[in-house]
Amino acid sequence: MTTRMHASVVVPAFNGIAELPECLDALRAQEAPFEYEVIVIDSGSTDGTVEMLEKRAATGELRLHQIPNEEFGHGRTRNLGAKIARGEFVCFLTQDATPAHPGWLVEMLRPFDVFGPRMACVFGKQVPRPDCVPTVKRDVLNHFAGFGPDYCISVQTAGSPLLADESYTGPVGFFSDVNSAVRRSILLDEIPYEDVDYAEDQVFGRAVIAAGYLKA
Numbered sequence: 005m006t007t008r009m010h011a012s013v014v015v016p017a018f019n020g021i022a023e024l025p026e027c028l029d030a031l032r033a034q035e036a037p038f039e040y041e042v043i044v045i046d047s048g049s050t051d052g053t054v055e056m057l058e059k060r061a062a063t064g065e066l067r068l069h070q071i072p073n074e075e076f077g078h079g080r081t082r083n084l085g086a087k088i089a090r091g092e093f094v095c096f097l098t099q100d101a102t103p104a105h106p107g108w109l110v111e112m113l114r115p116f117d118v119f120g121p122r123m124a125c126v127f128g129k130q131v132p133r134p135d136c137v138p139t140v141k142r143d144v145l146n147h148f149a150g151f152g153p154d155y156c157i158s159v160q161t162a163g164s165p166l167l168a169d170e171s172y173t174g175p176v177g178f179f180s181d182v183n184s185a186v187r188r189s190i191l192l193d194e195i196p197y198e199d200v201d202y203a204e205d206q207v208f209g210r211a212v213i214a215a216g217y218l219k220a
């Protein structure tokens, strides 16, 4: 294993005992030719999540960082994850988002290799679970179909007048940190997540484009 590209995967967690183990198992099974770490930030779980994470942390599988529940914020906690991470790139997952295959991490980071330092962040397609409500499943699949076919890189850049419309949620400004990767230096030094109640990823995606970076 080389250290050509070191990545940190950050997963915010709260009472995730039903979903988080599946996500962590998939992260442990990643086939990557570089060193990577997994960091879970728990915000006061009471359902056995902390005990499960402590056992995994004791084996070296992950790093556990705990914060009080009142300190959690979608943007704030992800900024914290970037600060304590060691990787050049920080991947973010939610606790119920499971990488679909062992090549997920390599593929998430590929646009950074292809497009170089102007590539600030990447988000990946989301696939509904089999038991998903049919109408929600349809909406999710239709939404991500708008970014191009599977296994392709769709790049968004500045210059679209659509960004002036704050209600616009199409491809140019869209970003989702359910399944994403960010160049850590940009997040730490230039464009941190804003501390907002929700949609911190949308605010971040627009800011990245406005600053002249690429987003995939």
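Counted the way the working numbering counts, the sequence shown spans residues 5 to 220.
Glycine included, each C-beta is placed from N, C-alpha and C at the ideal position.
The model shown is predicted, which means the values in this text are computed figures rather than measured ones.
Does the distance from the C-beta atom of Ala86 to that of Arg188 stay below 9 Å?
-> yes
Report back the beta-carbon spacing between Leu218 and Phe119 to the nearest angstrom; my notes put them in contact at under 8 Å.
-> 6 Å
Report the rounded CA-to-CA distance for Glu23 versus Ile195, giving the unit in angstroms.
-> 30 Å
Sequence-distant residues of the same chain with beta carbon closer than 7 Å to Ile4, five excluded per side = Because the chain here runs from 5 to 220, residue 4 falls outside it and cannot be looked at.
Helix or strand or just coil, what does DSSP make of Ser12?
-> strand
Taking Cys27 as part of the beta strand (DSSP E), name the residues at either end of that continuous run.
-> Careful: Cys27 lies outside any beta strand (DSSP E), inside the alpha helix (DSSP H) at Leu24 to Arg32.
DSSP beta-bridge partners for Ser47?
-> Paired residue(s): none; Ser47 is not in a bridge.
Buried or exposed for His105, please, with buried defined as at least 16 other CB atoms from any protein chain shown within 10 angstroms of its CB.
-> exposed
With a cut-off of 8 Å, do at least 3 Cβ pairs link the region 70–86 to the region 15–32?
-> yes
Quick one: residues in its chain with C-beta nearer than 6 Å to the C-beta of Asp100, no 5 flanking neighbours on either side, listed in chain order?
-> Glu23
Pick helix, strand or coil for Ala203, following the three-state DSSP scheme.
-> coil
Is Thr139 buried or exposed, if buried means 16 or more other CB atoms sit within 10 Å of its CB?
-> exposed
Report yes if the CB atom of Val212 is closer than 9 Å to the CB atom of Ala124, and no otherwise.
-> yes
Rounded to whole angstroms, what's the CA-CA distance from Asp46 to Leu28? Just pull it up for me.
-> 14 Å
Classify Lys59 as helix, strand or coil using the three-state DSSP reduction.
-> helix
Whose C-alpha, out of Val186, Leu109 and Pro115, is nearest the C-alpha of Phe93?
-> Val186
With distances taken Cα to Cα, identify the nearest neighbour of Pro72 among Asp201, Glu41 and Arg80.
-> Arg80
Could you tell me the boundaries of the beta strand (DSSP E) in which Ala124 lies?
-> Met123 to Phe127
Short Cβ contact (9 Å threshold) for Phe127 with Phe178 = yes
Is DSSP giving His105 helix, strand or coil here?
-> coil
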